[in-house]
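S.K.: Here the numbering used here is used: the first residue of the sequence shown is 605, the next is one more, and so on.
Each residue gets a CB set at the ideal place from its N, CA and C atoms; glycine is no exception.
This structure is a prediction, so every number in the text was calculated from the model and none was measured.
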Amino acid sequence: MGEQTLGQAQPLPAPDAATAHSELNNVPQPTTSPATKIPLRPRKIRKVSPDPSTSEAPIKPAKPVGRNTTSKAAPPRALTVVPRIVARSLSCDGEVEISLRYLRNADPLLSPLIDIHQPPTFDNFHTPFLALTRSILYQQLAFKAGTSIYTRFIGLCGGENGVVPETVLALTPQQLRQIGVSGRKASYLHDLARKYQNGILSDSAIVNMDDKSLFTMLTMVNGIGSWSVHMFMIFSLHRPDVLPINDLGVRKGVQLLYNLEDLPRPSQMDQLCDKWRPYRSVASWYMWRFVEAKGTPSSAVTVATGAGLQQQRHHQHQQQEQQQQQHAPQPQLLDPINSMFNLGAACAWGQ
605 MGEQTLGQAQ PLPAPDAATA HSELNNVPQP TTSPATKIPL RPRKIRKVSP DPSTSEAPIK
665 PAKPVGRNTT SKAAPPRALT VVPRIVARSL SCDGEVEISL RYLRNADPLL SPLIDIHQPP
725 TFDNFHTPFL ALTRSILYQQ LAFKAGTSIY TRFIGLCGGE NGVVPETVLA LTPQQLRQIG
785 VSGRKASYLH DLARKYQNGI LSDSAIVNMD DKSLFTMLTM VNGIGSWSVH MFMIFSLHRP
845 DVLPINDLGV RKGVQLLYNL EDLPRPSQMD QLCDKWRPYR SVASWYMWRF VEAKGTPSSA
905 VTVATGAGLQ QQRHHQHQQQ EQQQQQHAPQ PQLLDPINSM FNLGAACAWG Q
């Protein structure tokens, strides 16, 4: 019976007093202090200053990559600044000479014409109202006949200084007819004077208007068409950049200058003469001179020196071009090639 049965538990030996006391002291005591909440603080990022010996150069922004990343950027090309020429009134001192130098360079074909002809002069300083009145009186008349009627008209007004809207409106159609002014022209004179009296037009406004506005306002007057306005702008206001596209003398001159097969149409004139800007008035003057030199009558001289009626009959069909520019049902101007208003010589605009 000395052996124990397999699987039967053996009793543990009782611990001695010293061991028991040591184990009791190592048992963790329960915490008696209340639980506290610790606030969460954001984590600080510590910045480390770079070592000067190992720091790299500052990074430059990347340049945009083009198609060819290996080629260097081309240096900027120098811009050629072409000075803009601001033309002054042709009556200003030295302006005609400036225009001639400019036209020689702009269109070398004009140089021979400038060499053989005296430069134009622009020394007529009539008031706009007087100049417009005079243009109406001279319409469709030879220079001598127009001068005779104009002289009598000035007498009725008490001199050129008396040609003002109020004086013209005071003249009856009967009074005007007695000095040779037709009823139609009398109505034109009165319409011009009324537009002045109503404030639609004035001398100061006309002088200060730009070319486009001036053309629009003056063609509102009965009896004044595009050709009359262009002549007025050149010879009374001395505007430097006027191209009379409906003037047959200028068109004929352009045809001869550029050796064109056909007479250029008015719609083609702006493009053909664009290189003359801003002195198209002066270049037009040389077109009249050119036509005369070629033997084609283009001025008042032809009308006033013996062939007036014949030339008027010869160009009756050309008046139809002027008809589209007039407010009246009938044409008001002779063809400029034979009209006394052309720049030819001794014209009524003060040349």
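At the level of alpha carbons, what is the spacing between V785 and M821?
M.R.: 24 Å
S.K.: Distance, Cα to Cα, I720 vs S830?
M.R.: 30 Å
S.K.: Quick check: what's the CA-CA separation for Q914 versus W892?
M.R.: With a pLDDT of 33 at Q914, under the threshold of 50, the predicted position of this residue should be treated as unreliable, though the coordinate-derived value follows. Going by the C-alpha atoms only, they are around 20 Å apart.
S.K.: Leaving out five residues on either side along the sequence, give the residues of the same chain with a beta carbon under 7 Å from the beta carbon of L760.
M.R.: L775, Q779 and I783
S.K.: Select from S739, P716, L707 and L734 the residue whose C-alpha is nearest the C-alpha of M835.
M.R.: S739
S.K.: Using only CA atoms, which one of Y706, N802 and L773 lies nearest to Y792?
M.R.: The residue with the shortest Cα to Cα distance from Y792 is L773.
S.K.: Could you give the residue range of the alpha helix (DSSP H) that holds D807?
M.R.: D807 to N812
S.K.: Could you give the DSSP three-state label for Q612: helix, strand or coil?
M.R.: Confidence in Q612 is poor, its pLDDT being 47 and thus under 50, which makes the residue's placement too unreliable to answer from.
S.K.: Applying the 10 Å Cβ sphere with the 16-neighbour rule, what's the burial state of C601?
M.R.: Outside the displayed span of the chain (605 to 955) sits residue 601, for which this structure offers no information.
S.K.: Roughly how many angstroms separate the alpha carbons of D873 and F757, rounded to a whole number?
M.R.: Rather than Asp, the amino acid found at residue 873 in this sequence is Met. If you take the alpha carbons of M873 and F757, they lie about 37 Å apart.
S.K.: Distance, Cα to Cα, L736 vs R708?
M.R.: 33 Å
S.K.: So, helix, strand or coil for S695, using DSSP?
M.R.: coil
S.K.: For H842, which of helix, strand or coil comes out of DSSP?
M.R.: coil
S.K.: Give every residue of the same chain whose Cβ lies closer than 7 Å to the Cβ of A797, excluding the five residues on either side of it in the sequence, and list them in chain order.
M.R.: P769, V772 and L773
S.K.: Report all residues from its chain with a CB closer than 6 Å to the CB of K879; omit the five preceding and five following residues, and keep chain order.
M.R.: A710 and D711
S.K.: Run through the region 718-800 for me and flag every whole alpha helix (DSSP H) of 4 or more residues, listed as ranges in chain order.
M.R.: 732-741, 747-761, 769-774 and 777-782
S.K.: Which same chain residues, not among the five before or five after S693, have their C-beta less than 6 Å away from its C-beta?
M.R.: Excluding sequence positions up to five before and after S693, its CB lies within less than 6 Å of the CB of H842, all in the same chain and listed in chain order.
S.K.: State the DSSP-derived secondary structure class of G899, mapped to helix, strand or coil.
M.R.: coil
S.K.: If you run the structure through DSSP and keep just helix, strand and coil, what is I824?
M.R.: Checking the sequence shown, residue 824 turns out to be Met, not Ile. In the three-state DSSP reduction, M824 falls in the coil class, being neither helix nor strand.
S.K.: Quick check on the DSSP output: the alpha helix (DSSP H) that includes Q855 runs from which residue to which?
M.R.: According to the sequence as given, residue 855 is Arg; it is not Gln. Here the alpha helix (DSSP H) through R855 covers L852 to L861.
S.K.: Taking the beta carbon of L713 as the centre, do at least 16 other beta carbons fall within 10 Å, making it buried, or is it exposed?
M.R.: exposed
S.K.: Is N709 helix, strand or coil when you go by DSSP?
M.R.: helix
S.K.: Note down, in chain order, each residue of its chain lying with its Cβ closer than 8 Å to the Cβ of S703, except the 5 sequence neighbours on either side.
M.R.: Cβ-Cβ distances below 8 Å link S703 to A691, L694, P844, Y883 and V886 in the same chain, with the five nearest sequence neighbours on each side left out; the list follows chain order.
S.K.: Could you tell me the distance, in whole angstroms, from the CA atom of F733 to the CA atom of S806?
M.R.: 8 Å
S.K.: Do you know offhand how far W889's Cα is from Y742's?
M.R.: For W889 and Y742, the distance between alpha carbons rounds to 20 Å.
S.K.: My assumption, with CB atoms under 8 Å, is that Q795 sits in contact with V833. Please give the rounded CB distance.
M.R.: Note on residue identity: the sequence assigns Asp, not Gln, to residue 795. Contact between D795 and V833 does not hold, since the beta-carbon distance rounds to 15 Å and is not under 8 Å.
S.K.: Counting C-beta neighbours from all protein chains within 10 Å, is the total for R956 16 or more, i.e. buried, or is it exposed?
M.R.: One cannot answer for residue 956 here, as it falls past the ends of the chain, which runs 605 to 955.
S.K.: Would you call the CB atoms of L861 and F894 closer than 8 Å?
M.R.: With respect to F894, L861 sits close: the two C-beta atoms are nearer than 8 Å.
S.K.: Is the shortest distance between the beta-carbon of E865 and the beta-carbons of chain B less than 8 Å?
M.R.: Of the protein chains in the structure, only one exists, and it is not chain B.
S.K.: Beta-carbon within less than 7 Å of I838's beta-carbon, same chain only, minus the 5 sequence neighbours each way: which residues are those?
M.R.: V846 and S885
S.K.: Measure the C-alpha to C-alpha separation of V811 and Y800 and round it to an integer number of angstroms.
M.R.: 14 Å
S.K.: What whole-angstrom Cβ distance do S871 and H730 have, given they're in contact under 8 Å?
M.R.: In fact, because the Cβ distance is near 32 Å, the residues do not count as touching under 8 Å.
S.K.: With 16 as the cutoff for other CB atoms within 10 Å, does V631 come out buried or exposed?
M.R.: Only weak support exists for where V631 lies, its pLDDT of 49 falling under 50; the coordinates are left without a value.
S.K.: Can P868 and Q859 be called in contact, C-beta distance under 8 Å?
M.R.: yes
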